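Numbered per the UniProt record's numbering, the sequence shown spans residues 1 to 938.
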Amino acid sequence: MTSVDSFGSKAPLQVADTEYEIFRLDAVEGVDRLPYSLKILAENLLRTEDGANITADHIRALAAWDPQAEPDTEIQFTPARVIMQDFTGVPCVVDLATMREAMADLGGDPTRINPLAPAELVIDHSVQIDVFGREDAFRRNVEIEYQRNHERYQFLRWGQTAFDDFKVVPPGTGIVHQVNIEYLARGIMTREVDGTLRAYPDTCVGTDSHTTMVNGLGVLGWGVGGIEAEAAMLGQPVSMLIPRVVGFKLTGQIPSGVTATDVVLTITEQLRRHGVVGKFVEFYGEGVAAVPLANRATIGNMSPEFGSTCAIFPIDDVTIDYLRLTGRSAQQLALVEAYAKEQGLWHDPSREPVYSEYLELDLSTVVPSIAGPKRPQDRIELSDAKDSFAGSILDYVSDSEAAPFKALSGLDESVDETFPASDPIAAGEHTDASDAPTHAHGDASRRPHKRVPVTLADGTATELDHGAVVIASITSCTNTSNPSVMLAAALLAKKAVERGLSSRPWVKTSMAPGSQVVTNYYEKAGLWPYLEKLGFHLVGYGCATCIGNSGPLPQEVSDVVNEHDLSVVSVLSGNRNFEGRINPDVKMNYLASPPLVIAYALAGTMDFDFDTQPLGTDEAGNEVFLKDIWPSPEEVQATIDASIDRSMFEADYADVFAGDDRWRALETPEGDTFEWDEQSTYVRKPPYFDQMAAEPTPVSDVTGARVLAKLGDSVTTDHISPAGSIKADSPAGQYLAEHGVERRDFNSYGSRRGNHEVMIRGTFANIRLRNQLVPGVEGGYTVNHLTGEQTSIYDAAQAYAEAAVPLVILGGKEYGSGSSRDWAAKGTALLGVKAVITESFERIHRSNLIGMGVLPLQFPAGESADSLGLDGTETFDLTGIEELNTGTTPRTVAVTATKADGSTVEFDAVVRIDTPGEADYYRNGGILQYVLRSLVAA
1 MTSVDSFGSK APLQVADTEY EIFRLDAVEG VDRLPYSLKI LAENLLRTED GANITADHIR
61 ALAAWDPQAE PDTEIQFTPA RVIMQDFTGV PCVVDLATMR EAMADLGGDP TRINPLAPAE
121 LVIDHSVQID VFGREDAFRR NVEIEYQRNH ERYQFLRWGQ TAFDDFKVVP PGTGIVHQVN
181 IEYLARGIMT REVDGTLRAY PDTCVGTDSH TTMVNGLGVL GWGVGGIEAE AAMLGQPVSM
241 LIPRVVGFKL TGQIPSGVTA TDVVLTITEQ LRRHGVVGKF VEFYGEGVAA VPLANRATIG
301 NMSPEFGSTC AIFPIDDVTI DYLRLTGRSA QQLALVEAYA KEQGLWHDPS REPVYSEYLE
361 LDLSTVVPSI AGPKRPQDRI ELSDAKDSFA GSILDYVSDS EAAPFKALSG LDESVDETFP
421 ASDPIAAGEH TDASDAPTHA HGDASRRPHK RVPVTLADGT ATELDHGAVV IASITSCTNT
481 SNPSVMLAAA LLAKKAVERG LSSRPWVKTS MAPGSQVVTN YYEKAGLWPY LEKLGFHLVG
541 YGCATCIGNS GPLPQEVSDV VNEHDLSVVS VLSGNRNFEG RINPDVKMNY LASPPLVIAY
601 ALAGTMDFDF DTQPLGTDEA GNEVFLKDIW PSPEEVQATI DASIDRSMFE ADYADVFAGD
661 DRWRALETPE GDTFEWDEQS TYVRKPPYFD QMAAEPTPVS DVTGARVLAK LGDSVTTDHI
721 SPAGSIKADS PAGQYLAEHG VERRDFNSYG SRRGNHEVMI RGTFANIRLR NQLVPGVEGG
781 YTVNHLTGEQ TSIYDAAQAY AEAAVPLVIL GGKEYGSGSS RDWAAKGTAL LGVKAVITES
841 FERIHRSNLI GMGVLPLQFP AGESADSLGL DGTETFDLTG IEELNTGTTP RTVAVTATKA
901 DGSTVEFDAV VRIDTPGEAD YYRNGGILQY VLRSLVAA
């Protein structure tokens, strides 16, 4: 594209001995009043203006932003780089490899399929906690990881050599978001353009929803589906509406005994209730300077949990200090500071920018908290945790067990409170009364018990009960990037060991740091022995438990849990606790700070009040309470000061892309195109471009569609496309067995995302999915309306495909929330689903559906499948879709649902194709088809 500079904004910036070309924001009137995040977008438009896709009118529209207006102006955002993790990154590279072949088939040059923006992939999602609680756990888990993922890792090695500007951070290095803030993030990017060194803000999109962690560094970025990320790598801008921006003012100081995790759970709850879906959140005010960078990153990380597109902190001295600590060069530090100050991007705490909405939190009011048992926004004050659990457990035991206690507690309804329609929670696109707690607090003395004896592998005779904590895992980017909570956990372990306390024997304990730096400062502080004494040995550097790779429970524990249908618990320092995600044996999952993870390992049960119940006794027989071993803020800070320095980061990231001996020893395939192995069960060529013509086929209305699944509220991408273990009796398990894969080698769905045959069979296969077509049944099952029989969703979809019957999905509110899983959309499309009709969508999943050629539709405002009397047995006709062929997007399409008796239900469904760019993608059958045709035509 031809570069245009309508505002004459190009100018030099001298930093030390180097001159850079920048695009000055003050060249455009009105930009100076914008919030920080919108200034970043303004610079992006100035720099990428081409007179066609990005015009002077787009820039003027952003400069004239009305903070109170509803978003209606589309702009094209061109991220500076793309970041991926291996679960989502492998299918991205698979698709790029497939596009190279399709490009050749259409008469183009396959090497044109190449990242045009820097793309970096961190392998962090594949390590599973098979071995724990012993010194060799890390080594053994890595060995098993390489055995399981040999084919995938070879494929990624090929991608690193075949594609330009694509780098891979090998296994065992760290978690993608922590590696991003500690090493990959630039703050300010530089790139040579036509012989001139250009400087511009670091921006990124990532194939993981928690890409927003980098917002803590002042880097604007967010999670997108792998489909959008591939397009961004190929030079396609991200189409978006100029958003509303929520200003969040921080005041006060975090009190003693409160952690950054408690702060972020409080902020998550507050923003979730306010309603920030689709909005930018920006932190400002005098209190920002008092928020350490690690805490900023923790807050930014949880943006998907409260629903905003980003949650960003501006650049300031704290940012520069962190970049210095983590080993960035003196020139880079000088550039970031000089550029931010020159462009009005440096945080001025005395200035209050104009925002669309305003919120405030006094940090001194935050109290220790956890969240659960199934959603990260369900915050519980630690002092109420025991009683809250007593109420929640009633939803996880049999009706016969729960009924007497519900009657005693007055909890005869599944939801004891709702919010009035005027409440903000009921207003936003994705927030509603379902954000209410699932129960009022119960009475801890009135809850069901089922105490079952068990003999552990070491001969210990004990018993398990509902609420037993069977997993306590310090894991996930959210908290392992933060030295304050990680060292607080280690100091608590030290004090616990010194007082003679031990983890309960039935708890599977694990430590999965976000980078090797954590190991280094633990060693320097002399704290590893105490963590290991409590069973928190190093198990790997990766997402592990948070992504569903908690590994199996000890067999004897698993057997008792399943035989007696015990509702047991995991406690993890992660950001996701959705049903069925953590471990197939564990029904209830709670998020907690790292020190509280250790506290719950000591307690061994959720039926515990840390204020009144001792964790044990010391050698003198004195009771030891949590408050007795909780480290003070002064202790934590002194340990940070004494054990963390710049040299650690410089050493650990000195040769980050080289990998260990195992990585370097992998045989690397060669060639511009990949030689697919027809026997591979990990990496297979997908069918997206089979028989694709140079011109798109006109879109058509849908007639005679049947309902594949009728789903309720808060169906997450975990429900749609699980990343956990593959069950032997599932369609995916049967496929692997038929292809000679032993049960022990099934690995996880996430690790097999490069094989569409596995992933199609895994779509809607989550063990906790509740399809209302088969009431009372959990898992990936449905009714085949052609025969009336109950069967797996995959098998039903195959039967419908053979009969040429199109499919629809019916859903409730917040459909597709959770991780940014491209396979949730890819699998939906490959099952033959033509449209998904819901009450509301999560941002990324709605976009991904369009990117795969699936039409996202919403019921009319205030209506739902139930209110319209739809039970899922109907036949659906959708008319008005063909209007898209005229170049316009209809606001609604007419839906006619015909029941078995011939009666009909008619309504106008809202078309959730929100931008002209999305309409182009849909008309082409998907975003990758659009990009490929554009490249061939160029």
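In this text, a Cβ means the ideal position worked out from N, Cα and C, and glycines have one as well. These numbers were taken from a predicted model, which means no experiment stands behind them.
Residue from PHE610, PRO505, SER643, ASN583 whose Cα sits closest to the Cα of ALA525: Counting from one through the sequence shown, the residue named residue 525 turns up at place 525. Nearest in C-alpha terms to ALA525, of all of PHE610, PRO505, SER643, ASN583, is SER643.
With 16 other Cβ atoms within 10 Å as the buried cut-off, status of LYS587: Counting from 1 along the sequence shown, the entry for residue 587 is found at position 587. With a threshold of 16 other beta carbon atoms within 10 Å, LYS587 meets it and is buried.
Beta-carbon contacts of VAL246 that lie in its chain and below 8 Å, excluding the five residues immediately before and after: Within the sequence shown, numbered from 1, the residue matching residue 246 stands at position 246. So the qualifying residues of the chain are LEU271, HIS274, VAL276, LYS279, PHE280, VAL281, GLU282, SER308, TYR355, SER356, GLU357, TYR358, LEU359.
7 Å Cβ shell around ILE913 - same chain, five flanking residues per side excluded: By 1-based counting over the sequence shown, the position of residue 913 is 913. Within the same chain, ILE913 has close Cβ partners ILE850, THR889, ALA919, TYR922.
In DSSP terms, what MET84 is bridged to: Taking the sequence shown and counting its residues from 1, one reaches residue 84 at position 84. Beta-bridge annotation (DSSP): MET84 is paired with LEU121.
Terminal residues of the alpha helix (DSSP H) in which MET486 lies: Here the question's residue 486 lines up with position 486 in the sequence shown. Secondary structure note for MET486: its alpha helix (DSSP H) is the uninterrupted segment 483-498.
Helix, strand or coil at ARG770 according to DSSP, with G and I counted as helix: If you number the sequence shown from 1, residue 770 lands on position 770. Correct three-state label for ARG770: coil.
Same chain only: Cβ atoms within 6 Å of ARG24, ignoring 5 sequence neighbours per side: The residue you call residue 24 lines up with position 24 of the sequence shown. Sequence-distant Cβ neighbours of ARG24 in its own chain, meaning closer than 6 Å and more than five residues away, are SER9, ALA11.
At least 3 beta-carbon pairs within less than 8 Å: the region 553-561 vs the region 528-545: Pairwise C-beta distances place the region 553-561 out of contact with the region 528-545, as fewer than three of them are shorter than 8 Å.
Straight-line gap, MET233 to GLY776 (C-alpha atoms, nearest Å): Reading the sequence shown from its first residue, position 233 is the one you call residue 233. Reading the sequence shown from its first residue, position 776 is the one you call residue 776. In this structure, the CA atom of MET233 is about 44 Å from the CA atom of GLY776.
Contact test: GLU738 Cβ vs the ligand NAP heavy atom, cutoff 7 Å: In the structure on display, the ligand NAP does not appear, and there are no ligands present to speak of.
Cβ neighbours of PRO304 in the same chain (closer than 6 Å, five flanking residues each side left out): Here the question's residue 304 lines up with position 304 in the sequence shown. Excluding residues within five positions, the ones whose Cβ falls inside 6 Å are SER209.
Alpha carbon of GLU417 to alpha carbon of ASN766, nearest angstrom: In the sequence shown, counting from the first residue as 1, residue 417 sits at position 417. In the sequence shown, counting from the first residue as 1, residue 766 sits at position 766. Residue confidence is low: GLU417 scores 26 on pLDDT, short of 50, so the model does not pin down where it sits. Its coordinate-derived value is still stated next. If you take the alpha carbons of GLU417 and ASN766, they lie about 28 Å apart.
8 Å Cβ cutoff, PHE163 in contact with chain C: The chain inventory of the structure shown lacks chain C, comprising one protein chain alone.
Beta-carbon proximity list for ARG140, same chain, < 8 Å, skipping 5 on both sides: Your numbering for residue 140 matches position 140 in the sequence shown. In its chain, beyond the 5 residues on either side, ASP130, VAL131 have a beta carbon closer than 8 Å to the beta carbon of ARG140.
Where ASN885 falls: helix, strand or coil (DSSP): In the sequence shown, counting from the first residue as 1, residue 885 sits at position 885. Looking at ASN885 - three-state DSSP - the assignment turns out to be helix.
Straight-line gap, PRO687 to GLY926 (C-alpha atoms, nearest Å): Within the sequence shown, residue 687 is the residue found at index 687, counting from 1. Within the sequence shown, residue 926 is the residue found at index 926, counting from 1. Taking the straight line joining both Cα atoms gives about 13 Å.
Anticipated Cβ contact below 8 Å, ASN583 with SER570, distance rounded: Looking up residue 583 in the sequence shown gives position 583. Looking up residue 570 in the sequence shown gives position 570. Sure, about 6 Å apart at Cβ, within 8 Å.
Own chain partners of ASP109 with C-beta closer than 8 Å, once the 5 adjacent residues on each side are dropped: The residue labelled residue 109 in the question sits at position 109 within the sequence shown. So the qualifying residues of the chain are MET103.
Whole-angstrom distance between THR703 and VAL836, CA atom to CA atom: As a position in the sequence shown, residue 836 is number 836, starting the count at 1. As a position in the sequence shown, residue 703 is number 703, starting the count at 1. Put simply, the backbone Cα of VAL836 is about 14 Å away from that of THR703.
3-residue-minimum beta strand (DSSP E) runs that sit fully inside the region 274-354, ordered along the chain: The qualifying runs are 280-284, 310-312.
Counted within 10 angstroms of its Cβ, other Cβ atoms place ASN622 as buried (16 or more) or exposed: In the sequence shown, the residue the question calls residue 622 occupies position 622. Exposed.
Beta carbon of ILE809 nearer than 8 Å to that of ALA658: As a first step, residue 809 is located in the sequence shown; it is residue number 809 there, counting from the start. As a first step, residue 658 is located in the sequence shown; it is residue number 658 there, counting from the start. In this structure, ILE809 lies away from ALA658, with their beta-carbon atoms at least 8 Å apart.
Spatial neighbours of ASN755 in its chain, beta-carbon cut-off 8 Å, leaving aside the 5 residues before and after: In the sequence shown, counting from the first residue as 1, residue 755 sits at position 755. Excluding positions up to five away in sequence, the list reads SER680, THR681, TYR682, VAL683, ARG684.
Alpha-carbon spacing of VAL168 relative to ARG379, whole angstroms: Translated into positions along the sequence shown, residue 168 becomes position 168. Translated into positions along the sequence shown, residue 379 becomes position 379. Looking at the two C-alpha atoms, the distance is approximately 37 Å.
4 or more residues per run - each alpha helix (DSSP H) lying fully within the region 171-196: The DSSP assignment places complete alpha helix (DSSP H) segments of no fewer than 4 residues inside the region 171-196 at 176-179, in order along the chain.
Beta strand (DSSP E) segments (min. 3 residues) lying fully within the region 191-270: Here the runs fully enclosed are 196-201, 203-206, 220-223, 238-241, 245-251.
Among ILE113, ALA490, THR896, the one whose alpha carbon lies nearest that of THR879: Locating residue 879 in the sequence shown gives position 879, where the first residue counts as 1. It is THR896 whose Cα lies nearest to the Cα of THR879.
Extent of the continuous beta strand (DSSP E) run through LYS508: Walking along the sequence shown from the start, residue 508 turns up at place 508. For LYS508, the uninterrupted beta strand (DSSP E) run begins and ends at 508-511, by DSSP.
Every unbroken beta strand (DSSP E) within the region 510-545, with a cutoff of 3 residues, ordered by chain: The qualifying runs do not exist here; there are none.
Three-pair Cβ contact test at 8 Å for the region 849-867 versus the region 757-766: No: fewer than three Cβ pairs fall under 8 Å.
GLN691, DSSP secondary structure in three states: Numbered from its first residue, the sequence shown carries residue 691 at position 691. Three-state result, GLN691: coil.
Cut-off 7 Å between Cβ atoms - residues of its own chain near ALA797, not counting five sequence neighbours on either side: On the sequence shown, residue 797 is found 797 positions in, with the first residue counted as 1. If we look at ALA797 and ignore the five residues flanking it on each side, its Cβ neighbours are LEU708, LEU807, LEU831, GLY832.
For GLN790, the residue or residues it bridges with in DSSP: Looking up residue 790 in the sequence shown gives position 790. Paired residues: VAL783.
Residues bridged to SER725 (per DSSP): Numbered from its first residue, the sequence shown carries residue 725 at position 725. For SER725, which the question treats as bridged, DSSP gives the partners SER748.
With 16 other Cβ atoms within 10 Å as the buried cut-off, status of ARG451: Position 451 of the sequence shown, counted from the first residue, corresponds to residue 451. ARG451 should be labelled exposed.
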